[in-house]
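Q: The following block contains the structure, expressed as structure tokens.
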Ligand SMILES: [Zn+2]
Ligand SMILES: [Zn+2]
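In the working numbering, the protein residues as written are 8 to 166.
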């Protein structure tokens, strides 16, 4: 009787994250405006499943779709006070608010990384830096562009 050696596949039981008991008492006072890591991570993770449903293509001008505005950006704890002018030439992204896909300059919030066009920045400032209000104003005025309206390199046979 030949003993057949069957290598049973070993299934790793260890979960990807082992809960770590906090050994050290946290005595340091954290600033109250510090975002908990889990929230930011959850926001980042929640973006990905939606992204996989549609193929990401840049426009025929080489502009990439904007990131969906996250809750963290809506609730930016600095209220977007640190807006920095930035070029939009390498890996150009459409505006996160109005969706305009061009290579014009963008303003980027140094706290939440919101990346928007200059006209939207002016509107944001005019609306007391309230991102939800600014988005609502643009939607009511019909000034939000749909990404699918732009010709991209896949759906445009002439490109
Ligand atoms: Zn911000
Ligand atoms: Zn814009």
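Every residue, glycine too, gets a C-beta built ideally from N, C-alpha and C.
Please read all numbers here as calculations on a predicted model, not as lab measurements.
Evaluate contact between the segment 65-72 and the segment 112-125, counting only Cβ atoms and requiring at least three cross-stretch pairs below 8 Å.
A: no
Q: Decide if residue 139 is buried, meaning its Cβ has at least 16 other Cβ atoms within 10 Å, or exposed.
A: Per the 10 Å Cβ criterion, exposed.
Q: So for residue 105, helix, strand or coil by DSSP?
A: In the three-state scheme derived from DSSP, where H, G and I count as helix and E and B as strand, residue 105 is classed as coil.
Q: Have a look at residue 96 and residue 110 and give me their C-alpha separation to the nearest angstrom.
A: 6 Å
Q: If we ignore side chains and look at the alpha-carbon of each, how far apart do residue 130 and residue 155 end up?
A: 24 Å
Q: Ligand 2 and residue 119: does the residue's C-beta get closer than 8 Å to at least one heavy atom of that ligand?
A: At a cut-off of 8 Å, the beta-carbon of residue 119 does not count as near ligand 2: no heavy atom of the ligand is closer than that.
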